[in-house]
Amino acid sequence: GAVVSQHPSRVICKSGTSVKIECRSLDFQATTMFWYRQFPKQSLMLMATSNEGSKATYEQGVEKDKFLINHASLTLSTLTVTSAHPEDSSFYICSASNPGQYGYTFGSGTRLTVV
Amino acid sequence: GIQVEQSPPDLILQEGANSTLRCNFSDSVNNLQWFHQNPWGQLINLFYIPSGTKQNGRLSATTVATERYSLLYISSSQTTDSGVYFCAVRAAGNKLTFGGGTRVLVKP
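Below you can see the structure in the form of structure tokens.
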């Protein structure tokens, strides 16, 4: 149980375009999901907390207009990287807490390359 | 915010060796997890262990909450144990803070 599905796993886009990443909780409802960013050989940095039915809470230094988060249902949160630039290239990972279990479950991540 | 430090940053092991990874944190926590990140980036939850000791096969973990540290033990290491091991904690609120990770390479 407590599976989080993330798509796509890999995406290459042209500079200036937007990319949407989906994060779904498959067998549980997630009122809160989290989005992380990971640069090569570094740790995970929390970008924002996605709250179902309300605005996301962004960490300091994260541009909310560039990284749009929508959590319209209890099983789906999306992260849209708008007007992507090469410096947005990174590994993006979502997670959700597990009701009835303990701790957090993570999606498989999305490797974004902006060319 | 809470600080999480992991040591060592890198570890090279011969297959079959045992090792201990350490995670220190700067404040009281109500959630501590150990993860293994495989070469494809997937984070695998190893332990939820805010206190006490747990074992799962060749892996075990101990958290001494009063002294603000946790240890992950790998016994009889295998090449498939290679990857990055992260400790992550939650203090107040619901946000997980990750340590810097320990990069483990197990050589055959």
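As you go down the protein sequences, you meet chains A and B in turn. Following our numbering, the numbering of the first sequence begins with 1 at its first residue and continues without gaps. Following our numbering, the numbering of the second sequence begins with 116 at its first residue and continues without gaps. Every residue, glycine too, gets a C-beta built ideally from N, C-alpha and C.
Note down, in chain order, every chain A residue with its Cβ under 8 Å from the Cβ of B/Gln170.
-> The premise fails here: B/Gln170 is roughly 17 Å from chain A at the closest Cβ pair, so nothing lies under 8 Å.
Fully enclosed by the region 116 to 199 of chain B, which beta strand (DSSP E) runs are 3 residues long or longer?
-> Runs of the beta strand (DSSP E) lying entirely within the region 116 to 199 of chain B, each at least 3 residues long, are 119 to 122, 125 to 129, 134 to 140, 146 to 152, 158 to 163, 167 to 171, 174 to 179 and 184 to 189 in chain order.
How do the region 17 to 30 of chain A and the region 57 to 65 of chain A stand: do at least 3 beta-carbon pairs fall below 8 Å, yes or no?
-> no
Beta-carbon separation (whole angstroms), B/Ala176 vs B/Leu187, contact threshold 8 Å = 5 Å
Residues bridged to A/Ser73 by DSSP?
-> The partner list for A/Ser73 (beta bridge, DSSP) reads A/Leu76.
Within its chain, find whatever has a CB closer than 7 Å to the CB of B/Ile189; leave out the 5 residues flanking it on each side and keep chain order.
-> Asn133, Ser134, Arg173, Leu174 and Asp196
How big is the Cα-Cα spacing for A/Trp35 and B/Thr181?
-> Each residue's Cα considered, the two are about 30 Å apart.
Residue nearest to B/Asn145 in terms of C-alpha spacing, selected from A/Ser108, A/Tyr104, A/Arg10 and A/Cys13 | A/Tyr104
From A/Gly109 to B/Ser185, what does the alpha carbon distance come to, in whole angstroms?
-> In a straight line, the C-alpha of A/Gly109 is about 26 Å away from that of B/Ser185.
Are the C-beta atoms of B/Tyr200 and some chain A residue less than 8 Å apart?
-> no
Considering only C-alpha positions, which residue in the set A/Ser73, A/Gln60, A/Val114 and A/Val115 is nearest to A/Cys23?
-> A/Ser73
Going along chain A in order, which residues have a C-beta closer than 8 Å to the C-beta of B/Gln157?
-> Phe106, Ser108 and Gly109
For A/Asn98, is the classification buried or exposed, using 16 other Cβ atoms within 10 angstroms of its Cβ as the cut-off for buried?
-> Result: buried.
Unbroken beta strand (DSSP E) run spanning A/His7, endpoints = Val4 to His7
Residues within the region 121 to 141 of chain B neighbouring chain A, beta-carbon criterion of under 8 Å | Flagged: no residues at all.
Residue-level contact to chain A via CB, B/Gly167, 8 Å cutoff = Not closer than 8 Å to any Cβ of chain A, the Cβ of B/Gly167 fails to qualify, so no.
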